[in-house]
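Asker: To start, I am sharing the structure in question, which I have written as structure tokens.
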Amino acid sequence: MINISNKSKDIIEKTVREHGMTGDYEVGVYEATEEEMKKLWDGQPHDVLSFPLEKDKTYPDVVCEKDMDRFDLLVEHGCLHLLGIHHE
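Numbering (our numbering), first residue to last: 20 to 107.
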């Protein structure tokens with residue numbers, strides 16, 4: 020996991036609260052290289068991957084490509100996927 024900025028933490032908090040999440044929660048975020056992203060999913064490049072809660076999970080909830088210019092946007096996008104909001 021990485022130490023995320025207060026801005027990213029605020030984005031996560033705002034996103035989960037705006038979508039009805041109450042109580043305590045934890046979101047693990049990992050910054051990955053393009054090669055790591057390909058290995059985690061389908062061999063294709065992705066900007067962000069999100070993994071729903073699973074028992075005994077050994078990987079984080081949100082994996083973002085190393086792109087500090089868009090990191091906060093990618094974290095928010097990943098959180099939306101965790102909340103069940105998807106795009107086509």
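Note that the Cβ used here is the ideal one computed from N, Cα and C, for glycine as well.
#1: What does a CB cutoff of less than 6 Å around LEU93 pick up in its chain, not counting 5 residues either side in sequence?
#2: In chain order, what residues of the same chain lie with their CB nearer than 6 Å to the CB of GLY97, ignoring the 5 residues before and after it?
#3: Whose CA, out of THR34, ASN25, TRP60, ASP29, lies closest to the CA of HIS100?
#4: Which residues in the same chain as GLN63 place their Cβ atom closer than 7 Å to its Cβ, once the five residues preceding and following it in sequence are excluded?
#5: So for SER27, helix, strand or coil by DSSP?
#6: Can you give, in chain order, each stretch of the alpha helix (DSSP H) that sits fully within the stretch 57–101 and has at least 4 residues?
#7: Tell me, which residues are paired with TYR49 by DSSP?
#8: So what's THR41 in DSSP terms, helix, strand or just coil?
Answerer: The structure says:
#1: ASP66, VAL67, CYS83
#2: VAL67, SER69, VAL81
#3: THR34
#4: LYS57
#5: helix
#6: 90–101
#7: VAL82
#8: coil
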